[in-house]
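K.L.:
I have a structure I would like to understand better, so I am pasting it below and will then ask my questions one at a time.
Numbering (UniProt numbering), first residue to last: 1 to 437.
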């Protein structure tokens, strides 16, 4: 059996599946139920400084995007950090950690961007016995308007400064949670590393409005006739999150920086993909809110079974394995040629491939042959774009088949070259010509 025990910057847990800082981790009752279900750790919902708790709205807090089958694809959240008293949270954290010593408990924190505020909260969190802290530099709504959350995460200098304050004032590992609402995710990651962070976690939620009520003409969710932007999460953000994880993992300046992957993780496969791109563990929120805490049992079993099947003995065997295969477009092999192929026995003759190709691509799929409904690739027109594969409702009915070196490409009339060539040396690249001169 594969060993999926996790050691993330010295924080140990029986598996790599943590619940992210969010409503599911707002109180001991929830966290205990999560641990009983099998979660390896939690990031306790973000705590603020001592004083009157943050005030949340009392009406709807979520908006949603659904698929055709009503499956939840994306969730918009306008809830803020915990609205429970700081001391109540601290007492619960301490007790839960005492009762569940083998599980990871990391505490998310957000206080004003002032050194004294961080110095005040760090020792009281440390006293709970928590395993680490996560700096919430990502919240895109409510708190950012108060100079916290994404307002800090969008300024690399602030990130470095706050991380330095925390590293100087706590023994606990520091995980810096990054906002995706930024042009280049590498810059805040570099700043966090410069400040001494032990790890980064990403992504936090994305600025969003998920819908507009066309009767009231107000954004959803609607509070007394008005709406606000919120944080977008769920399966729909997974591609964005994975790209940002990969960017940090392959950046020479941050290579090796531990990453906790967050964003749309719903299945064991999602988790494995994040880890293959460089994440040392993963955090989950929307999936638990949609399907309940026991979903982790499917994640654990699926990951173990896949690792056993592939011969991966531990998580170290898969973390970062895909990172070297992530490159920039300019380095992709322009001499690689692939053509679509339709399995006629699997084809249900729905015609979706033909319509997509005929109307929006390269007119490379027939609809009629010898007077009969028949869908077949016209190799002389096929550019290998892969659209037909993606619109086909039958899995593996259409596949992309690479042409071997020396085989004639009917579209170009030239044999496939065995030589690797990319845009940096292509004759159509004006920069390549300048370099050659």
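For glycine and all other residues, C-beta sits at the position ideal for the given N, C-alpha and C. These numbers come from a predicted model, not from an experiment.
1) According to DSSP, which residues form a beta bridge with residue 367?
2) Under a three-way DSSP split, which group does residue 161 fall into?
3) Are the CB atoms of residue 133 and residue 88 nearer to each other than 7 Å?
4) Grab the span of the alpha helix (DSSP H) containing residue 387 for me, first residue to last.
5) Can you say whether residue 377 is buried or exposed, counting buried as having 16 or more other CB atoms within 10 angstroms of its CB?
6) CA-CA distance, residue 18 and residue 190?
7) Give the single residue among 282, 343, 228, 52 whose Cα lies nearest to the Cα of residue 6.
8) With 16 other CB atoms within 10 Å as the buried threshold, where does residue 39 fall?
9) If you measure between the beta carbons of residue 219 and residue 231, is that distance less than 7 Å?
10) So residue 177 and residue 204 are in contact, right, with Cβ under 8 Å, and what is the actual spacing, rounded?
11) Could you tell me the distance, in whole angstroms, from the CA atom of residue 420 to the CA atom of residue 426?
12) Output the distance between the C-alpha atoms of residue 406 and residue 413, rounded to the nearest integer angstrom.
13) Helix, strand or coil for residue 95 per DSSP?
14) Please report the straight-line C-alpha distance between residue 440 and residue 2, rounded to a whole angstrom.
15) Determine whether the beta carbon atoms of residue 119 and residue 169 lie at a separation below 7 Å.
16) Taking a contact to mean a Cβ-Cβ separation below 7 Å, would you say residue 47 touches residue 86 in this structure?
17) Starting from the Cα of residue 401, find the closest Cα among 422, 341, 102 and give me that residue.
18) Are there 16 or more other CB atoms within 10 angstroms of the CB of residue 154, so buried, or fewer, so exposed?
19) Are residue 111 and residue 121 close, meaning C-beta to C-beta below 7 Å?
20) Closer than 6 Å: is that where the CB of residue 306 sits relative to any heavy atom of the ligand GTP?
21) Whole angstroms is fine: what's the gap from residue 455's alpha carbon to residue 33's?
22) Report all residues from its chain with a CB closer than 7 Å to the CB of residue 51; omit the five preceding and five following residues, and keep chain order.
23) Would you identify the three-state DSSP class for residue 268, choosing helix, strand or coil?
24) How would you label residue 45, buried or exposed, when you count the other beta carbons within 10 angstroms and need 16 or more for buried?
P.N.:
On the basis of the coordinates in this document:
1) For residue 367, which the question treats as bridged, DSSP gives no partner whatsoever.
2) helix
3) Contact: no.
4) That run of the alpha helix (DSSP H) goes 387–391.
5) Answer is buried; the Cβ neighbour count reaches 16.
6) 24 Å
7) 282
8) buried
9) no
10) 6 Å
11) Straight-line Cα distance between these residues: approximately 11 Å.
12) 12 Å
13) In the structure shown, residue 95 sits in a helix (DSSP, three-state: H, G or I).
14) The requested residue 440 is not part of the displayed model; the chain covers only 1 to 437.
15) yes
16) yes
17) 341
18) It counts as buried.
19) yes
20) Absent from the structure shown: the ligand GTP. Ligands present: none.
21) For the chain, the structure presents residues 1 to 437; residue 455 sits outside this window and is missing.
22) Cβ-Cβ distances below 7 Å link residue 51 to nothing in the same chain once the five nearest sequence neighbours on each side are left out.
23) helix
24) buried
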